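Colleague: Numbering (the numbering used here), first residue to last: 505 to 840. Cβ coordinates follow ideal geometry from the N, Cα and C atoms, glycine included. Computed from a predicted model, the values in this text were never measured in an experiment.
1. Check whether the region 586-602 and the region 624-631 touch, using three or more Cβ-Cβ pairs below 8 Å as the test.
2. Straight-line CA distance for residue 571 to residue 561?
3. What three-state label does DSSP hand residue 711 in the structure shown?
4. Can you check DSSP and say which residues form a bridge with residue 706?
5. Measuring alpha carbon to alpha carbon, tell me which of 679, 703, 781, 777 ends up nearest residue 605.
6. Taking Cβ to Cβ, would you say residue 762 is nearer than 8 Å to residue 799?
7. Since I believe residue 668 is in contact with residue 693 (beta carbons under 8 Å), could you give me their beta-carbon distance rounded to a whole number of angstroms?
8. Excluding the 5 residues flanking residue 837 on each side, which residues of the same chain have their C-beta closer than 6 Å to its C-beta?
9. Three-state secondary structure (DSSP) at residue 559?
10. Check residue 652 in the structure and name its three-state DSSP category.
11. On the criterion of 16 or more Cβ atoms from any shown chain inside 10 Å, does residue 603 qualify as buried, or is it exposed?
12. Distance check for residue 582 and residue 600, CA to CA, integer angstroms please.
13. At the level of alpha carbons, what is the spacing between residue 791 and residue 745?
14. What is the residue span of the alpha helix (DSSP H) that residue 770 lies within?
15. Helix, strand or coil for residue 525 per DSSP?
16. Between which two residues does the beta strand (DSSP E) harbouring residue 580 extend?
17. Using a Cβ-Cβ cutoff of less than 8 Å, which residues in the same chain neighbour residue 632 once the five nearest sequence positions on both sides are dropped?
18. Tell me the rounded alpha-carbon separation between residue 645 and residue 670.
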């Protein structure tokens, strides 16, 4: 489900900033994190709400956050029934957010809340999304090396030049979140997803601190998940409204390769260069022709389904509208 802004949960004036903190087994750092967030935003005169999303913790984190929520009216605690993952936690937090600026932070205190005013200022200066960049990381090589590879591949695939796509410290203009539909492990691709919709992305270098409590929740398996999600995001962003192009292009390549193989064997047979029925190239050419035809058919079927189901909001994204006088009545394209 996508984010829907404007939910009025406050009797008091709407806060200026919503801070979403997903967490899993971070009992030792949560109280300190909230204290620092409150101190920095209060000192800057910025009204705020803090949304803590418990992604199935089992270490006492819930008790810490429940106490915070009971003592501070601007703190909300959301408890998942079990571990659903960071994407689900962020999505739940976004649904609770009511401010025009939404900031996400990890709960491990490796990113400092002292950076919050800089992120807010960058949004107010015109950016739609501000991504943190852990310029000097205090993480083991087992995390930094795969991260560099991941960033390089995503940059090349989507044409978005960021140093750190996966930093949890980000700020968003609320309208940008309307375009997000996070599930699975897609939180790693939020900048790419929003870039594909035309939102303005910028990056801020931030101070990164060594982890003081607990341990990282991400292992080597995230490389496999990331590779699969990369293909999903590429398909749903670059080819979401033209699936025939990706399937058709691959199908034509296979058909061409298969046709060349079979044409070559046909020429050999015509000039009497020996039997061709026992040559591996014959079977390769037939397989390429078969798979190529299937891919093209898949693309055509996808285009047929898309033409019947695509919504107007899926075709483009309007940043603003200037000028003109709104005529009476509805648009000729509006449904009665």
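Modeller: On the basis of the coordinates in this document:
1. no
2. 15 Å
3. coil
4. 634
5. 679
6. no
7. Residue 693 to residue 668, Cβ: 13 Å. No contact.
8. At residue 837 the pLDDT is 47, less than 50, meaning the model places this residue with poor confidence; the figure from the coordinates comes in the next sentence. Taken in chain order, the list of residues that qualify is empty.
9. coil
10. helix
11. buried
12. 9 Å
13. 29 Å
14. 747-774
15. strand
16. 579-583
17. 676, 677, 679, 680, 698, 703, 704, 705
18. 16 Å
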